Structure formats: C-alpha cells, structure tokens
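Asks:
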Amino acid sequence: LAQLYGPLNMLGYLYRTINQSLVDTERLLKLLSEPREINDKPNAPDLVIETGSIEFENVNFSYDNRTTALDGVSFKVPKGSSVALVGESGAGKSTILRLLYRFYDLKEGEGRILIDGQDIRDVTQASLRKAIGVVPQDPVLFNSSIAYNIGYGKFGATQEEIVAAAKAAQIHDRILSFPDGYDTRVGERGIRLSGGEKQRVAIARTLLKDPPVLLLDEATSALDTSTEKDIQKALQNLVQGRSSLSIAHRLSTIATADLILVLKDGRIVEQGTHAELLAQGGVFAEMWADQVSSSDGASAHRKSAVVA
Ligand code: ATP
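According to full-length UniProt numbering, the sequence shown holds residues 24 to 331 in order.
1) Can you tell me whether Lys252 is buried or exposed, with buried defined as 16 or more other CB within 10 angstroms of its CB?
2) Using only the heavy atoms of ligand 1, determine whether one of them is closer than 7 Å to the beta carbon of Thr276.
3) Whose CA, out of Arg228, Ala298, Glu241, Val315, lies closest to the CA of residue 5?
4) Quick check on DSSP: helix, strand or coil for Ser316?
5) Pick from Arg89, Asn88, Val96: whose alpha carbon is nearest that of Glu80?
6) Would you kindly work out how many angstroms separate the C-alpha atoms of Asp69 and Arg152, rounded to a whole number?
7) Using 8 Å for Cβ pairs, my map puts Lys256 next to Gln193. What's the rounded Cβ distance?
8) Give me the residue from Gln259, His272, Asp240, Gly219 with the minimum Cα distance to Ser249.
9) List, from N- to C-terminal side, the beta strand (DSSP E) runs of 3 residues or more that fit wholly inside the region 274–309.
10) Taking the C-alpha atoms as reference points, what is the distance between Gly305 and Asp94?
11) Among Pro101, Asp63, Ala107, Lys102, whose alpha-carbon lies nearest the alpha-carbon of Ala278?
12) Closest to Gln148 by C-alpha separation, out of Arg135, Val163, Phe126, Ser168, would be which residue?
13) Going by DSSP, what residue range makes up the alpha helix (DSSP H) through Ile155?
14) If distances are taken between C-alpha atoms only, which option among Ile119, Pro101, Lys99, Thr74 comes closest to Ala92?
15) Taking Gly204 and Phe165 to be in contact with their CB atoms under 8 Å, please state how far apart those CB atoms are, rounded to whole angstroms.
16) Within its chain, find whatever has a CB closer than 8 Å to the CB of Ala154; leave out the 5 residues flanking it on each side and keep chain order.
17) Rounded to whole angstroms, what's the CA-CA distance from Val224 to Leu238? Just pull it up for me.
The structure is reproduced here in structure tokens:
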C-alpha cells in the first residue's frame with residue numbers, strides 16, 4: 024500500500040492542478056457558454072518551448088459564424104516581452120487570450136497562432152496549458168491554508184519556495200499578520216482576502232509554476248494606491264523574463280509594456296509603446312485623455328493616483 028502513496032499523491036496533485044487551472048481560466052476568460060470540445064490530433068506531439076515567443080498570424084474568428092470577434096489580427100510577442108491589450112468592451116481582448124489557451128481552434132484558412140513556431144492546433148492541449156500561466160481578475164482560492172493555495176503552483180514545493188514566491192508577490196508580510204501565518208485557512212470557510220490579496224496569492228502560485236508564457240487580466244475595480252503599487256511590483260517580478268499578454272483596464276499600468284495593441288471591433292487599430300501612441304494622437308491618446316479627465320471632480324484624489 025505504501026508503494027501506492029507516491030502515484031496516488033501525484034494523481035491527486037494533477038487532479039487539483041487541472042481543476043484549479045480550469046476554474047481560474049474560466050473566470051479569467053469569462054466564458055459565456057461551454058466551449059465546444061477541442062480534440063488533440065492523433066499522435067499530436069507536445070509543445071516544445073525554446074523561448075516562449077508568440078505569434079498571431081492573420082487571425083479571423085467568429086463565435087457564431089455570423090458576427091466577427093477577431094478580424095485579421097496579426098502581432099508578435101518576442102521572447103520575454105510584454106504586450107498589453109486595450110480597447111472598449113467587446114473589442115476582442117479576451118478572445119485573443121481564449122484562443123491562445125485553445126478554448127477554440129481556428130478554422131483552416133482563418134490564420135494561425137504559433138508558439139516558438141509551432142501551430143498550437145498541432146500540439147497537445149496538456150503541454151500547451153502547462154506552458155501558460157494565468158492570473159485572473161478574481162482568483163478562486165481553496166478552503167485550505169494559504170501555504171497550500173500558493174504551493175500547488177508546483178508539485179512538491181518546499182516551505183522555503185512558498186515563502187520566496189510570497190515575498191516576490193508582495194504578500195509575505197500580510198501573511199505573517201494572519202493569526203496562523205502560512206497555516207491560516209483562507210477561502211469561504213477561512214479568513215476572507217481582499218481582491219488585491221487574492222490576486223497576489225495567484226501571482227505567487229504562478230511564480231512557483233514558472234511558465235514561459237503568461238496571460239494576465241488586470242482587475243477592473245479601482246484599488247487603493249498602496250495595493251496598486253504592491254500588485255504592480257508583484258507583476259513586474261512575474262513578467263520578468265516571460266512572454267506576457269495582459270488585458271489592461273487602467274491605462275496607467277501599461278506604461279512600461281513593450282508593445283500596446285489597441286483593439287476596436289476585433290481589429291488592431293493602433294500599436295506602439297505608450298509614448299508612441301500618445302504622440303500619434305489617435306484612439307489611444309483619446310482613451311488616455313478620457314481616463315485623465317474622468318479623474319476630475321469628486322473622485323479626483325483617488326483616480327489621480329490611478330492615472331499617475
Ligand atoms: P470586455 O472588456 O468587456 O471583457 P473584450 O474586449 O474582452 O470585452 P471579447 O469578450 O473578446 O471582448 O468579445 C469580442 C466579441 O465577441 C464581442 O462582440 C462579444 O460579444 C463576442 N463574444 C464574446 N464571447 C462570446 C461567446 N462566448 N459567444 C458569442 N459571442 C461572444
């Protein structure tokens with residue numbers, strides 16, 4: 024029986040990892056309906072990661088074969104660089120993340136999505152999802168200890184690794200302030216964490232998973248200035264050296280992105296760095312001016328911190 028312990032433990036771990044990754048991803052991707060089933064091709068090989076570069080090549084996509092969700096979208100995320108997606112609601116930001124995670128496959132002739140030159144339709148879903156870390160807007164935590172919630176980012180993570188990840192995610196000091204430190208139970212039957220704290224737990228977990236590719240969905244709700252700063256610092260530690268695609272709601276948080284893609288009606292209408300897009304005086308510059316001017320009035324103090 025003792026011999027079974029290792030394999031059973033591993034199976035339990037795999038089950039929890041897959042389950043949680045689906046829970047988180049569903050929240051991240053705001054799935055409106057069950058995606059149709061995606062099947063691996065017979066004898067599909069695993070994805071082979073060399074640098075983690077991503078490429079969308081003339082991608083067209085419709086959920087219902089009638090309305091267009093993405094229309095000729097092409098861009099590259101070179102190894103280790105950060106790309107931010109901005110645009111009004113319904114512009115296609117989440118669709119780009121959903122397609123990269125392969126909730127849907129592109130039809131033949133409707134473009135290709137490549138990671139390190141491999142069409143993601145041709146590789147196993149398991150290997151694809153292993154290579155991608157997801158930090159959703161509102162992560163789901165297990166009714167278990169905070170150490171467990173961070174630790175299952177990596178099978179067999181040691182306490183030292185968990186603490187190091189929590190420190191890099193700017194949540195260590197907060198954890199030490201809990202009654203039982205890392206053993207404190209969180210979730211519905213434990214202490215309640217704020218949205219910003221849960222997001223930092225998800226960042227710590229993803230640091231332990233150590234994936235070459237990251238999908239991030241920034242929280243829409245306004246955070247106080249110090250939480251915002253902590254999350255920015257945690258995210259900086261996470262995106263360092265990885266290829267990342269982030270949905271940004273607050274334009275101030277993407278000033279340092281290597282490339283910003285501005286989406287409108289499923290198309291990329293502008294792209295460049297923050298400074299380049301402001302200088303262009305187009306859609307992005309207008310969105311920026313709107314966010315700055317909406318900080319006038321009663322909420323000026325709080326929002327000016329957000330756009331600063
Ligand atoms: P938001 O900022 O509101 O999350 P978004 O930019 O992420 O918006 P998407 O969710 O990518 O936008 O939606 C792009 C288009 O696809 C929209 O027209 C939307 O109505 C449509 N769409 C999204 N999900 C589905 C779905 N599951 N079934 C049908 N249409 C969908």
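Glycine is no exception: its CB is placed at the ideal position from the N, C-alpha and C atoms.
Just so it is clear, the structure is predicted and the values come from calculations on it, not from any experiment.
Replies: Short version:
1) Result: exposed.
2) no
3) With the chain running from 24 to 331 in the structure shown, residue 5 is simply not present.
4) In this structure, Ser316 counts as helix in the three-state DSSP scheme.
5) Residue Val96 is the option with its Cα nearest to Glu80.
6) 11 Å
7) 5 Å
8) Measuring C-alpha to C-alpha distances from Ser249 to each of Gln259, His272, Asp240, Gly219 identifies Gly219 as the nearest.
9) Correct list: 282–287, 290–295.
10) Distance between the alpha carbons of Gly305 and Asp94: 20 Å.
11) Ala107
12) Phe126
13) No alpha helix (DSSP H) holds Ile155; the beta strand (DSSP E) holding it covers 155–158.
14) Ile119
15) The pair is not a contact, with the Cβ atoms about 17 Å apart (cut-off 8 Å).
16) Leu70, Ile72, Gly75, Ile138, Pro234, Pro235, Val236
17) 16 Å
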